[in-house]
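Anchor point for the sequence shown: position 27 equals 27 in full-length UniProt numbering, and the numbering is continuous, going up by one each time.
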Amino acid sequence: MSESKLFSLFQEHNQCLEEGLALCADVLDPLAASLAESFAQEQRLLIIGSGIMAPIAMAVAQAFAYQLNTERPPLPVVYVEPGAGIRSAVAAGDDAGQLYCGALQAIAREDDQLLIFDGTSDDAVIGAAQTARDLDCAVTVLCAGDSARWADVETDSLVVLPDAAAGRRAELLLFLGHVLCQIVEGELFGL
Numbered sequence: 001m002s003e004s005k006l007f008s009l010f011q012e013h014n015q016c017l018e019e020g021l022a023l024c025a026d027v028l029d030p031l032a033a034s035l036a037e038s039f040a041q042e043q044r045l046l047i048i049g050s051g052i053m054a055p056i057a058m059a060v061a062q063a064f065a066y067q068l069n070t071e072r073p074p075l076p077v078v079y080v081e082p083g084a085g086i087r088s089a090v091a092a093g094d095d096a097g098q099l100y101c102g103a104l105q106a107i108a109r110e111d112d113q114l115l116i117f118d119g120t121s122d123d124a125v126i127g128a129a130q131t132a133r134d135l136d137c138a139v140t141v142l143c144a145g146d147s148a149r150w151a152d153v154e155t156d157s158l159v160v161l162p163d164a165a166a167g168r169r170a171e172l173l174l175f176l177g178h179v180l181c182q183i184v185e186g187e188l189f190g191l
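Right, dumping it as structure tokens:
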């Protein structure tokens, strides 16, 4: 691959990160402050990822729980991922909107926060957001899917990512998740 092609791909990558950061700038600081306050009050952050964004969500949850590169206590973060048995039962019952609902009802407490890394905008993530709201949890959605599906869903924040290839959006979500984690670490631990 030529240097010019590599440089062009690098520029596309950076442009996607810049656009995404610009879209999220108004959400990241207040969300980080809210998360820091929640953690200080022993509330939790619940994270869900849908579609190809699920591994990204898991990586961000691990960054919050197990630190990025700092000495600090782990933060109370739960990655919500239904097991294969639940997925099979939900699929067999034709009730995909309930995929995350049982887990959220079992573990979510009032004033916990739900962060959704949405790659599909399917019934399962929409149902998760609605269940979290019913449980009086704050809901933030970083949407790399069909944002029109979120029009009638009550969220505290909805960020629609720029139109880009799925891989670029995944990179952007990982970047934004790590930025959020670092801001929260700064709020809580002065890092």
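Quick reminder that beta carbons are idealized off the backbone N, C-alpha and C, glycines included.
All figures in this text were calculated on a predicted structure; none of them were measured in a lab.
As assigned by DSSP and simplified to three states, the class of residue i
i           : result
Cys101      : helix
Asp134      : helix
Ile183      : helix
Leu161      : coil
Glu171      : helix
Ala151      : coil
Asp146      : coil
Ser121      : coil
Ala84       : Reliability of the predicted coordinates at Ala84 is poor, the pLDDT of 46 falling under 50, and the value obtained from them is presented with this limitation in mind. Ala84: helix per DSSP, three-state reduction.
Ser4        : helix
Ala108      : coil
residue 240 : No answer is possible for residue 240: the residues shown for the chain start at 1 and end at 191.
Ile126      : helix
Contacts around residue i, its chain only, beta-carbon distance under 6 Å, and the 5 residues preceding and following it disregarded
i      : result
Ala61  : Ile47, Val77, Tyr79
Ser157 : Val27, Thr140
Val160 : Cys143, Ser147
Ala165 : none
Cys101 : Gly127, Thr131
According to DSSP, residues forming a beta bridge with residue i
i      : result
Leu114 : Leu46, Val139
Nearest to residue i (by Cα), restricted to the options the options
i      : options                        : result
Thr155 : Arg168, Ala144, Leu188, Leu114 : Leu114
Gln182 : Gln67, Ala103, Gly119          : Gln67
Gln130 : Glu42, Leu99, Val160           : Leu99
Glu12  : Ala132, Pro162, Gly102         : Pro162
Asp112 : Asp134, Gly20, Gly119          : Asp134
Ala59  : Ile107, Asp136, Phe175         : Phe175
Glu171 : Cys101, Gly20, Ala103          : Gly20
Glu42  : Leu173, Arg109, Asp123         : Arg109
Cys137 : Gly119, Ser2, Pro55, Ser34     : Ser34
Val184 : Val125, Ala40, Val153, Ala57   : Ala40
Leu189 : Leu180, Ala57, Asp29, Arg72    : The identity of residue 189 in the sequence shown is Phe, whereas the question assumes Leu. Ranking Leu180, Ala57, Asp29, Arg72 by Cα distance to Phe189 puts Arg72 first.
Asp152 : Leu180, Ala36, Asp123          : Asp123
Own chain partners of residue i with C-beta closer than 8 Å, once the 5 adjacent residues on each side are dropped
i      : result
Arg168 : Glu12, His13, Cys16
Contact set for residue i: own chain, Cβ-Cβ below 7 Å, skip 5 residues either direction
i      : result
Thr120 : Ser50, Gly51, Gly145
ask   = Quick one: complete alpha helix (DSSP H) runs, 4+ long, within the region 14 to 78?
value = 54 to 66
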